[in-house]
Amino acid sequence: GIFPSKEKPKDEIGEMVLHLQKENFLVKPYERMNLEELKEAEDDFDDNDDRKAFEMYRYSKILLSRLIEWKFKNAPGDVWVIIHLYWSSIPMCLLVNEHLSLLARKFPEVKFLKAIVNSCVQNYHNRYLPTILVYKTGEIKGSFTGVAECGGIHLKVEGMRNILKQFML
């Protein structure tokens with residue numbers, strides 16, 4: 001062709017998932033062992049296994065937070081960024097996710113991100129969920145915390161749009 005072929009970007013996330021799956025495969029199924037098998041396995045088990053499991057968990061959390069941070073920091077200065085912190089077991093969070101997905105398709109010039117809350121903020125209380133943060137030029141322009149501030153349980157897409165428009169003028 002006319003243009004030189006582009007070098008394909010390294011799929012770091014895909015590689016990380018494969019690595020974590022391989023590591024997870026190596027974990028022994030202690031839950032299915034009887035007492036005698038557990039006693040035998042106890043001799044094989046050492047602190048390195050605990051440390052290794054903790055490091056895998058920590059590494060996956062760091063990867064997710066870096067991915068969100070990268071998407072946030074790589075947004076141009078004049079782009080609005082909407083971040084939704086959620087927990088999938090909270091119905092209002094699922095409703096907000098649905099509405100934000102629709103708005104993301106309708107407004108591609110706005111960067112919509114979502115993150116499971118404990119991947120970004122430790123010990124964040126459920127009563128503050130859903131939480132929506134509105135950023136532009138790296139500064140927070142507004143936030144909404146909890147069901148009431150996010151529009152209540154009967155929230156419609158247009159209601160969500162109006163809530164966001166308060167800060168995006």
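Okay, so the sequence shown: first residue is 1 according to UniProt numbering, each after it adds one.
Ideal Cβ placement from N, Cα and C applies to all residues, glycine included.
Sheet register partners of residue i (DSSP bridge)
i, result
"GLY142", "VAL134"
"HIS84", "LYS114, ILE132"
Sequence-distant residues of its chain with Cβ nearer than 6 Å to residue i (five each side left out)
i, result
"HIS99", "VAL157, MET160"
"TYR124", "VAL117"
C-alpha distance - residue i paired with residue j, whole-angstrom precision
i, j, result
"SER88", "LYS165", "25 Å"
"VAL27", "VAL79", "Interpretation of VAL27 is limited by its pLDDT of 48, a score under 50 that renders its predicted location unreliable; the figure taken from the coordinates is listed afterwards. Approximately 44 Å, taken between the alpha carbons."
"LYS111", "GLU37", "52 Å"
"GLU109", "VAL96", "19 Å"
"PHE144", "MET92", "13 Å"
"ARG105", "VAL121", "27 Å"
"TYR135", "ILE153", "24 Å"
"ALA148", "LEU102", "21 Å"
"ASN162", "LEU155", "11 Å"
"THR131", "SER119", "14 Å"
"THR137", "PHE167", "13 Å"
CB contact flag (residue i, residue j, <8 Å)
i, j, result
"LEU129", "ILE90", "yes"
"ARG127", "GLY151", "no"
CB contact below 8 Å: residue i versus chain D
i, result
"ALA148", "Any reference to chain D falls outside this structure, which holds one protein chain only."
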